[in-house]
Amino acid sequence: MEIEIKNSIVSDIVGTLYDRMGVSDYTSPKKVKAQLKDCAFSNNLVVNVASGGGDVFAASEIYTMLRDSGKNVTVNIQGLAASAASVISMAGNIVRISPTAQIMIHKASNGIQGNADGMSHNAKVLDGIDKSIAAAYVAKTGMKESDLIQLMSNETWLTAKDAVDKGFADEIMFDDETNNRNFQNATFGTVITDAIATQFLNTIQQIENKQPNQSKQSIRDQKLAILLGK
């Protein structure tokens, strides 16, 4: 049985917004939980990863579900496993990485604004999140937390060989190390906050309530306009 970790990793409420918008290309804890139910009678689980990351807490929830599944989990990193996606990848009993793939790890960030006291507090929160992220890397690689935090601070990109050498992956798929490529110009998925998702959902509901007789295509166009800020 296989589970796909593809595109942006989002919270369940943002996933609900995407569903309402007709957008299906995302990963959320709710989606993964449903896929795990479909795999209930299989002891082996394959997790295919190709994602630029997203919500770190959604990733933590997915990581925990996979680790707690009691299954033999094989992770295949097919393309880019960046940021939050790299955390999920560490849930594999065996982590395999394509020779053309990369892992990227970095420190957490957010869009918090405020006064000096608030920013000082936010820095402590982010430090705590970094340690939580590093815990997944420590468990997989056996490296020291301080060394991993430094790699995160440097925004480290790991080729397939780098990933295996440092313990982030166990083997290179196809065992062909000559095809390594650099994906440092890859784009990252846009992260929508829960608050913004809730605001969008409320607006969409108002549109649907006011215009029940409009065509589905017309309503969908208005939803997309709201999401894209047009």
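Residue numbers 1447 to 1676, in the working numbering, belong to the letters of the sequence shown in order.
For glycine and all other residues, C-beta sits at the position ideal for the given N, C-alpha and C.
Would you identify the three-state DSSP class for residue i, choosing helix, strand or coil?
| i | result |
| --- | --- |
| methionine 1639 | The question names methionine, but residue 1639 is threonine in the sequence shown. In the structure shown, threonine 1639 sits in coil (DSSP, three-state: anything other than H, G, I, E or B). |
| tyrosine 1454 | In the sequence on display, residue 1454 carries serine and not tyrosine. Three-state result, serine 1454: strand. |
| methionine 1550 | strand |
| asparagine 1631 | Residue placement at asparagine 1631 cannot be trusted, given a pLDDT of 41 that sits under 50; what the coordinates show is reported in the next sentence. Three-state DSSP puts asparagine 1631 in coil, outside helix and strand. |
| asparagine 1626 | Unreliable positioning characterises asparagine 1626 in this predicted model, as indicated by a pLDDT of 43, which lies under 50. The coordinate reading is nonetheless provided below. Coil. |
For residue i, report the span of its alpha helix (DSSP H) as first-last.
| i | result |
| --- | --- |
| threonine 1546 | Taken as a continuous stretch (DSSP letters only), threonine 1546 belongs to no alpha helix (DSSP H), as it is neither H nor E. |
| alanine 1504 | 1502-1513 |
| alanine 1480 | 1475-1484 |
Hey, could you find the ends of the beta strand (DSSP E) residue i is sitting in?
| i | result |
| --- | --- |
| valine 1519 | 1518-1528 |
| serine 1497 | 1490-1497 |
I'd like to confirm the pairing. Which residues does DSSP put opposite residue i in its beta bridges?
| i | result |
| --- | --- |
| tyrosine 1464 | BP columns for tyrosine 1464 are empty, so no partner. |
| glutamate 1448 | Val1492 |
In chain order, which continuous runs of the alpha helix (DSSP H) of length 4 or greater are located wholly inside the segment 1555-1594?
-> 1562-1587
In chain order, each beta strand (DSSP E) run of at least 3 residues that lies wholly inside the segment 1590-1621 = 1602-1605
Does the count of Cβ pairs from the segment 1600-1616 and the segment 1543-1554 closer than 8 Å reach three?
-> yes
Decide yes or no for the touch test of the segment 1581-1597 against the segment 1557-1567: beta carbon pairs closer than 8 Å, at least 3 of them.
-> no
So, do the segment 1498-1511 and the segment 1527-1537 have three or more beta carbon pairs nearer to each other than 8 Å?
-> In short, these stretches touch, since the Cβ pair count reaches three.
If you pair each beta-carbon of the segment 1487-1506 with each one of the segment 1524-1534, do three or more pairs fall below 8 Å?
-> In this structure the segment 1487-1506 touches the segment 1524-1534; the number of beta carbon pairs closer than 8 Å is three or more.
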